[in-house]
Every structure is written in C-alpha cells, then in structure tokens.
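**Q**
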Amino acid sequence: DQQVKQNSPSLSVQEGRISILNCDYTNSMFDYFLWYKKYPAEGPTFLISISSIKDKNEDGRFTVFLNKSAKHLSLHIVPSQPGDSAVYFCAASVKGTYKYIFGTGTRLKVLA
Amino acid sequence: AAGVIQSPRHLIKEKRETATLKCYPIPRHDTVYWYQQGPGQDPQFLISFYEKMQSDKGSIPDRFSAQQFSDYHSELNMSSLELGDSALYFCASSFHRTSGSTDTQYFGPGTRLTVL
Numbered sequence: 001d002q003q004v005k006q007n008s009p010s011l012s013v014q015e016g017r018i019s020i021l022n023c024d025y026t027n028s029m030f031d032y033f034l035w036y037k038k039y040p041a042e043g044p045t046f047l048i049s050i051s052s053i054k055d056k057n058e059d060g061r062f063t064v065f066l067n068k069s070a071k072h073l074s075l076h077i078v079p080s081q082p083g084d085s086a087v088y089f090c091a092a093s094v095k096g097t098y099k100y101i102f103g104t105g106t107r108l109k110v111l112a
Numbered sequence: 113a114a115g116v117i118q119s120p121r122h123l124i125k126e127k128r129e130t131a132t133l134k135c136y137p138i139p140r141h142d143t144v145y146w147y148q149q150g151p152g153q154d155p156q157f158l159i160s161f162y163e164k165m166q167s168d169k170g171s172i173p174d175r176f177s178a179q180q181f182s183d184y185h186s187e188l189n190m191s192s193l194e195l196g197d198s199a200l201y202f203c204a205s206s207f208h209r210t211s212g213s214t215d216t217q218y219f220g221p222g223t224r225l226t227v228l
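Residue numbers (our numbering), protein chains in the order written: chain A, 1 to 112; chain B, 113 to 228.
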C-alpha cells in the first residue's frame with residue numbers, strides 16, 4: 001500500500017526550461033511534505049518542505065505547490081540546470097510522528 | 113557544515129552473521145532515524161530515537177535492534193542476516209522542536225550492506 005506515489009519514474013528536460021515533478025498521496029493525515037534530491041552513492045539531500053497550512057513555498061529556483069483537495073504536490077525547478085540531474089523523492093509525515101513516508105522517486109535528467 | 117556520519121560505508125557479511133551500523137548525528141541534533149532502501153525501492157522507515165528513547169517504529173524485523181547513546185550517536189544491530197537484508201541503510205538526524213511541528217530530517221551518506 002503505497003501512500004506516497006510518484007507516477008513518473010523518469011523525466012528529461014532541456015537546460016534552462018522548467019522541471020515539474022509530481023507526487024500524489026492517499027493519507028489525509030499527512031501534514032508536512034518534503035522534497036529530497038539524491039545522487040548515486042549519497043544520502044538524500046533536503047531541498048524544500050511545505051506545511052499543510054500553506055499551498056506554496058519558494059526557495060530560490062525551487063518551488064513546491066500543495067493541493068490538499070487533490071492530495072497532490074509538485075516541485076518546480078526554474079531554470080533547470082545539468083547539476084539538477086538526480087533522483088527526486090517526495091516524502092510526507094503525520095504531525096506527532098517521527099517517520100517519513102517516501103515516494104518511489106523520479107529520475108530527472110537535465111540535458112545541456 | 114557538519115553532516116550526518118555513518119560507518120562503515122560498505123559492509124559485506126555472510127548469511128546468519130551479525131552486523132552493526134553506526135550513525136553520528138549532526139551536532140546538537142537529538143533525534144536519529146534509520147531507513148532501509150532496497151534496490152530500486154524507496155527508503156523505508158525502520159526506527160527512530162529521541163533523547164535516547166525509542167520514539168517511533170516502522171517495519172523493522174525482530175532480528176534488528178537499535179539504540180541511541182548518551183552522546184546521541186546510534187547503532188543498528190542486525191543479527192541472523194538474510195540475503196534480503198542487502199540494502200542501503202540510511203541514518204538521518206534532526207533537532208526536535210517542542211512546538212509540535214514536524215522536524216526536517218537530514219540524511220547521512222548511507223551504509224551499503226551486502227549479504228552473501
């Protein structure tokens with residue numbers, strides 16, 4: 001039972017264009033969402049997070065949008081750079097718990 | 113900035129052997145988490161500790177145990193290893209905020225365990 005889903009296993013984008021990574025969840029108790037980037041042989045690196053009381057959070061080139069009614073969040077990267085090529089995981093958490101539930105990841109490739 | 117340190121980075125064991133993985137959190141972080149990531153899979157939460165007490169438990173086999181020590185480092189002990197235990201094991205740490213909001217976890221580089 002995958003509570004957090006990333007339905008696109010891979011995505012290719014031209015350098016300078018926008019990358020949009022999507023994530024859907026099923027558990028309405030989730031109230032905190034995060035995006036992590038992972039390079040091979042490294043641990044996940046925290047990118048950006050959003051609380052369920054917000055619908056948008058922006059940090060430099062990264063913006064996360066949350067649509068609670070659709071149980072959907074997305075990560076926008078503008079402009080995309082070759083160094084952004086990595087696997088991106090979304091994660092979700094229920095307030096008061098200590099664990100994250102991860103999605104299956106989307107491999108982003110930014111083409112120069 | 114200091115990050116989460118995990119040791120060893122790679123470990124090869126035989127079936128039925130035991131293994132101990134170590135995690136050193138970011139300084140001043142008081143909470144540690146363990147995750148297991150199998151090939152092609154998402155990280156699965158195993159267990160977490162806050163102030164040396166178990167704070168949450170996930171899909172951790174009974175053959176595994178963990179603890180957090182007074183210096184906040186943590187060890188994951190794995191016994192009677194099976195082939196299916198071969199995976200990447202990540203440790204993460206955070207500073208627990210008493211406001212009730214969720215803490216952001218920062219991950220270490222992982223330990224790759226191979227069971228032969």
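By construction, the Cβ of each residue, glycine as well, lies at the ideal position given by its N, Cα and C atoms. The structure presented is a predicted model; accordingly, all values stated were derived computationally and were not measured.
Closer than 6 Å by C-beta to residue 55/A: which residues in its own chain qualify, once you throw out the five before and the five after it? Chain order, please.
**A** 66
**Q** Name the residue from 42/A, 87/A, 100/A, 97/A whose alpha carbon lies nearest to the alpha carbon of residue 8/A.
**A** 87/A
**Q** Which whole-angstrom value describes the C-beta separation of residue 116/B and residue 205/B, a residue pair presumed to lie in contact below a C-beta threshold of 8 Å?
**A** About 5 Å separates the two Cβ atoms, so the contact holds.
**Q** In chain A, what lies closer than 8 Å to residue 173/B by C-beta?
**A** Going along chain A, no residue has its Cβ under 8 Å from residue 173/B, so there is no contact; the nearest lies around 16 Å.
**Q** Under 9 Å, CB to CB, which of the residues in the segment 23-57 of chain A have a partner in chain B?
**A** Residues 31, 32, 34, 36, 38, 41, 42, 43, 44, 45, 46, 49, 51.
**Q** Within a Cβ cutoff of 6 Å, which residues of the same chain sit near residue 133/B, ignoring the five residues on either side of it in sequence?
**A** 188, 201, 223
**Q** Check each candidate in 160/B, 171/B, 217/B, 226/B and name the one with the smallest Cα separation from residue 178/B.
**A** 160/B
**Q** Applying the 10 Å Cβ sphere with the 16-neighbour rule, what's the burial state of residue 156/A?
**A** As shown, chain A starts at 1 and ends at 112. That puts residue 156/A outside it, with no answer to give.
**Q** For chain D, is any of its Cβ atoms less than 8 Å away from the one on residue 221/B?
**A** Any reference to chain D falls outside this structure, whose protein chains are A and B.
**Q** When you compare only the Cα positions, how much space is there between residue 98/A and residue 166/B?
**A** 10 Å
**Q** Check the Cβ-Cβ distances between residue 10/A and every residue of chain B, and say whether any is below 8 Å.
**A** No - not a single Cβ of chain B is within 8 Å of the one on residue 10/A.
**Q** Could you check the C-alpha separation between residue 182/B and residue 216/B for me, to the nearest Å?
**A** So the two alpha carbons sit approximately 22 Å from each other.
**Q** Give the single residue among 96/A, 83/A, 4/A, 73/A whose Cα lies nearest to the Cα of residue 214/B.
**A** 96/A
**Q** Here's the rule I'm using: 16 or more other beta-carbon atoms within 10 Å means buried, otherwise exposed. How should residue 14/A be labelled?
**A** It counts as exposed.
**Q** Look at the Cβ atom of residue 112/A, then the Cβ atom of residue 25/A, and state whether they are nearer than 8 Å.
**A** no
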